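Numbering (the working numbering), first residue to last: 4 to 381.
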């Protein structure tokens with residue numbers, strides 16, 4: 004029953020190893036603040052017994068926004084609104100981290116930019132869905148973005164009261180593209196050392212928040228991006244090399260996939276069988292093995308559905324803790340239900356991803372579509 008044991012991330016103690024992976028709820032205000040509905044949602048999640056909640060992705064500069072109703076931590080005033088989210092989580096005993104992100108060329112700004120314009124490879128540019136008009140970031144702009152990430156991390160501690168921050172370095176957003184051999188072909192220091200951008204972010208953040216504030220990263224164990232059968236994106240080895248070069252990290256959540264790759268970050272399928280749970284488990288274990296000497300907590304995510312599945316991953320050395328996303332949409336109190344029945348073999352979430360797909364429509368907030376259909380029948 005390893006998943007119920009407490010664990011420390013830096014100086015932060017989690018009362019169990021269940022983590023809500025960052026999930027976009029579409030409940031923020033247009034400026035990126037916290038609505039009453041969003042605060043109530045975090046209150047509900049925390050009542051469910053979670054050890055740690057990772058809040059939905061918050062942009063660190065306005066030009067890094069990827070959704071119309073996305074959280075923001077781009078300034079002090081908006082950061083103060085996050086205090087309501089944090090308090091709603093703490094009152095029920097759940098720790099909470101912010102997730103900081105920048106969309107890069109996936110941003111919905113009128114003038115998105117990219118880590119590398121790839122002018123010599125229009126086929127690759129089309130494959131990764133890079134806007135033709137996207138200009139390349141200058142060195143000065145990348146340095147300013149490093150500062151923006153660090154400043155947002157400081158706001159999380161000083162103003163909002165978060166227990167830590169997670170930098171989103173996966174799924175094809177800005178930090179992810181800096182790490183990708185397929186996309187980052189810059190001839191300068193940011194291309195010759197692809198981990199430099201993330202390393203500088205962590206170092207600058209650490210300088211502002213001090214040694215005891217947990218800093219985490221969500222990163223692709225693999226982009227699963229091949230051309231003609233040849234891996235061209237980030238692989239587990241390039242990810243290990245990058246992470247091993249970054250001092251000051253306390254935790255790593257291992258995800259995978261980009262929108263233009265063979266596999267998406269969120270997959271459909273039947274993940275109730277024990278051997279199907281944790282579909283990034285091979286990459287996660289390799290990363291944990293490499294980072295274990297550094298004392299970094301490694302978190303598995305992807306298709307984890309039952310206490311037995313979580314224990315299997317922890318006990319076999321794949322990870323130290325587990326995270327879920329979609330099951331909490333269907334059953335916010337699922338951890339409490341699992342605590343009452345550790346032998347639970349099925350949950351409401353069947354990994355159909357209709358919840359995520361429905362949110363592509365304007366005005367739709369996070370909800371289990373199957374649960375809504377069932378309610379309409381009764």
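In this text, a Cβ means the ideal position worked out from N, Cα and C, and glycines have one as well. Predicted model only: the values in this text are computed from it and were never measured.
Give the range of the alpha helix (DSSP H) segment to which residue 331 is assigned. 329-333
Could you spell out where the beta strand (DSSP E) holding residue 98 opens and where it closes? 98-104
Under 8 Å, do residue 210 and residue 12 count as touching if we go by C-beta distance? no
Label residue 233 either buried or exposed according to how many other C-beta atoms from any shown protein chain fall within 10 Å of its C-beta, with 16 as the threshold for buried. exposed
Which of helix, strand or coil DSSP assigns to residue 233: strand
Tell me, please, which residues DSSP counts as bridged to residue 44. Partner(s): none; residue 44 has no beta bridge.
If you draw a straight line from the alpha carbon of residue 303 to that of residue 347, how long is it in whole angstroms? 20 Å
Please state whether the Cβ-Cβ distance between residue 76 and residue 31 is less than 8 Å. no
Go through its chain and collect everything with a Cβ distance to residue 182's Cβ below 6 Å, but skip five positions before and after it. 197, 237, 245
Thinking residue 239 and residue 290 are a contact (beta carbons under 8 Å), I'd like their distance in whole angstroms, please. 7 Å
Thinking residue 218 and residue 298 are a contact (beta carbons under 8 Å), I'd like their distance in whole angstroms, please. Incorrect: roughly 13 Å between the Cβ atoms, too far for contact.
List the residues that DSSP assigns as beta-bridge partners of residue 21. 325
Taking the beta strand (DSSP E) that residue 222 falls in, what are its first and last residues? 218-223
Is the Cβ-Cβ distance between residue 72 and residue 109 less than 8 Å? no
6 Å Cβ shell around residue 19 - same chain, five flanking residues per side excluded: 7, 54
Are the Cβ atoms of residue 200 and residue 144 separated by less than 8 Å? no
If we ignore side chains and look at the alpha-carbon of each, how far apart do residue 86 and residue 63 end up? 17 Å
Is it right to say residue 300 is buried, meaning 16 or more other beta carbons lie within 10 angstroms of its own, or is it exposed? buried
DSSP state of residue 55 mapped onto helix, strand, coil: strand
Is the CB-CB distance between residue 216 and residue 288 below 8 Å? no
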